[in-house]
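Novice: Structure below; questions to follow.
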Amino acid sequence: MKIIALKLPIDLNENTYEEMLDLCPRQRQLSIHKLQKINDKYRSLFGELLAKWFISDSLKDPFQNIQFDLGENGKPHLAGGRIHFNISHSGDWVVVGIHNDSIGVDIEEVKDFNIYEIAKSTFSSEELMYLIKSPKANQIEIFFKMWTLKESWLKCIGSGFLVPPNTFSILNRRNRYSLEIPTEEFSKLKTLGLKIGNTSDYRFKLYHLGPGYPISVCINNGNENHFEFPDNIDIIELNSLINELKPL
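If you count the sequence shown from 1, position 43 lands on 319 in this note's numbering, and the numbers rise without skipping.
Structure (structure tokens):
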């Protein structure tokens, strides 16, 4: 498994932007054009390009051969299915993870707002209790860490909005994050047609990308017990990525 991150530009030369946009399929270009804010355009564009370049580099396959399709619930996947990937972006950063089985990645920019209203409707009772009992000064940061962990699993299974986030928990048990789903809720999930393994199949890792950016990664590792996450996230500079892509 590999993870890579790219810091987005504050501003980008118009010619370079158009040159990078031309590397995307026509339909993708149209969807990016429809976005109103320039930062959203950058996130969408470089999320696509970073993922394709990262997969191309990892598989030693030409960039032009890397094509994405959408699954039933809108999760993009590599045509041909040789490798799994997931993209996440927030604030100034785009992150891509790749793995030989299902993977979910989520990054969030920590922001100060009323976290409790959201936590009440999205956290399980045990998660909510853990948040409330945490030191007041740390609660916003803890909220975002917990949020990214939950999002990473939802993205790993490709559920879209089918799974209510308050029906499962991801909690630190003996220095390892564990997925916990009540038996009744697990039975309901099985009826949704999602490819969900046993709760023990999923592994989680929490990273930090500078101050204020927690990142969680979830993989389906089956019954393999000896998997090791990378210690760090690789970072590629924007100019380096552009230089890699320009000859294309």
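We put the CB at the ideal spot given by N, CA and C, even for glycine.
Once you ignore the five residues that flank Phe419 on each side, which residues in its own chain have a CB closer than 7 Å to its CB?
Specialist: Looking up residue 419 in the sequence shown gives position 143. These residues qualify, in order along the chain: Ile391, Ala395 and Leu407.
Novice: Starting from the Cα of Leu438, find the closest Cα among Pro301, Thr424, Glu461 and Trp423 and give me that residue.
Specialist: On the sequence shown, position 162 is the one that residue 438 refers to. It is Glu461 whose Cα lies nearest to the Cα of Leu438.
Novice: From what residue to what residue does the alpha helix (DSSP H) around Asn376 run?
Specialist: To locate residue 376, count along the sequence shown from 1; it is residue 100. It is not in any alpha helix (DSSP H) - Asn376 carries neither H nor E in the DSSP assignment.
Novice: For the segment 454 to 502, which segments carrying the alpha helix (DSSP H) assignment without a break, of at least 4 residues, lie completely within its bounds, in sequence order?
Specialist: Runs found: 459 to 466.
Novice: Measure the beta-carbon distance from Asn442 to Ser397 and round it to whole angstroms, keeping in mind my assumption that it falls under 8 Å.
Specialist: The sequence position of residue 442 within the sequence shown is 166, counting from 1. The sequence position of residue 397 within the sequence shown is 121, counting from 1. At roughly 7 Å, the Cβ-Cβ gap stays under 8 Å, so Asn442 and Ser397 are in contact.
Novice: Under the rule that 16 or more other beta-carbon atoms within 10 Å means buried, what is His272, buried or exposed?
Specialist: Limits of the chain in this structure are 277 at one end and 524 at the other, which puts residue 272 out of reach.
Novice: For Leu282, count neighbouring Cβ atoms within 10 angstroms of its own Cβ and tell me buried if that reaches 16, exposed if not.
Specialist: To locate residue 282, count along the sequence shown from 1; it is residue 6. Buried: at least 16 other Cβ atoms inside 10 Å.
Novice: Using C-beta distances below 7 Å, list every residue in its chain close to Lys328, excluding the 5 sequence neighbours before and after it, in chain order.
Specialist: Position 52 of the sequence shown, counted from the first residue, corresponds to residue 328. Phe339 and Ile342, listed in sequence order.
Novice: Report back the beta-carbon spacing between Leu299 and Leu325 to the nearest angstrom; my notes put them in contact at under 8 Å.
Specialist: Counted from its first residue, the sequence shown places residue 299 at position 23. Counted from its first residue, the sequence shown places residue 325 at position 49. With a Cβ gap of about 6 Å, Leu299 and Leu325 count as contacting.
Novice: Assign Ser516 to buried or exposed, taking buried as 16 or more other Cβ atoms, counted over all protein chains shown, within 10 Å of its Cβ.
Specialist: Along the sequence shown, read from residue 1 onward, the residue named residue 516 stands at position 240. With fewer than 16 other Cβ atoms within 10 Å, it is exposed.
Novice: Any idea what DSSP makes of Ile342, helix, strand or coil?
Specialist: Position 66 of the sequence shown, counted from the start, is the residue given in the question as residue 342. Residue state, collapsed to three classes: coil.
Novice: I'd like the span of the alpha helix (DSSP H) that includes Ser397, first residue to last.
Specialist: Reading the sequence shown from its first residue, position 121 is the one you call residue 397. Ile391 to Thr398 is the span of the alpha helix (DSSP H), which, as asked, contains Ser397.
Novice: Would you list the residues sitting across from Ser445 in a DSSP beta bridge?
Specialist: Against the sequence shown, residue 445 aligns to sequence position 169. DSSP, once it has assigned bridges, lists Glu456 as partnering Ser445.
Novice: Does the distance from the CB of Ile279 to the CB of Tyr453 come in under 9 Å?
Specialist: As a position in the sequence shown, residue 279 is number 3, starting the count at 1. As a position in the sequence shown, residue 453 is number 177, starting the count at 1. Cβ atoms of Ile279 and Tyr453: not closer than 9 Å.
Novice: Since Gly323 contacts Ile379 with CB under 8 Å, what's their CB separation in whole angstroms?
Specialist: For the purposes of this step, residue 323 is taken as residue 47 along the sequence shown, with counting starting at 1. For the purposes of this step, residue 379 is taken as residue 103 along the sequence shown, with counting starting at 1. Not a contact, Cβ separation roughly 15 Å.
Novice: Grouping DSSP H, G and I as helix and E and B as strand, with all else coil, what is Ala355?
Specialist: Here residue 355 refers to the residue found at position 79 when the sequence shown is read from its first residue. In this structure, Ala355 counts as coil in the three-state DSSP scheme.
Novice: Thinking just about the alpha-carbon of each residue, which of Ile286, Asn497 and Leu321 is nearest to the one in Gln303?
Specialist: Translated into positions along the sequence shown, residue 303 becomes position 27. Ranking Ile286, Asn497 and Leu321 by Cα distance to Gln303 puts Leu321 first.
Novice: Identify the residues that DSSP records as bridge partners of Leu282: which are they?
Specialist: Against the sequence shown, residue 282 aligns to sequence position 6. According to DSSP, Leu282 bridges with Val370 and Ile512.
Novice: If you reduce the DSSP assignment to three classes, tell me which class Ser435 lands in.
Specialist: Residue 435 sits at position 159 when you count from the first residue of the sequence shown. Note: Ser435 maps to coil in three-state DSSP.
Novice: Indicate whether Ile495 and Leu470 have their beta-carbon atoms separated by less than 9 Å.
Specialist: Numbered from 1 along the sequence shown, position 219 holds the residue referred to as residue 495. Numbered from 1 along the sequence shown, position 194 holds the residue referred to as residue 470. Not a contact, by the Cβ cut-off of 9 Å.
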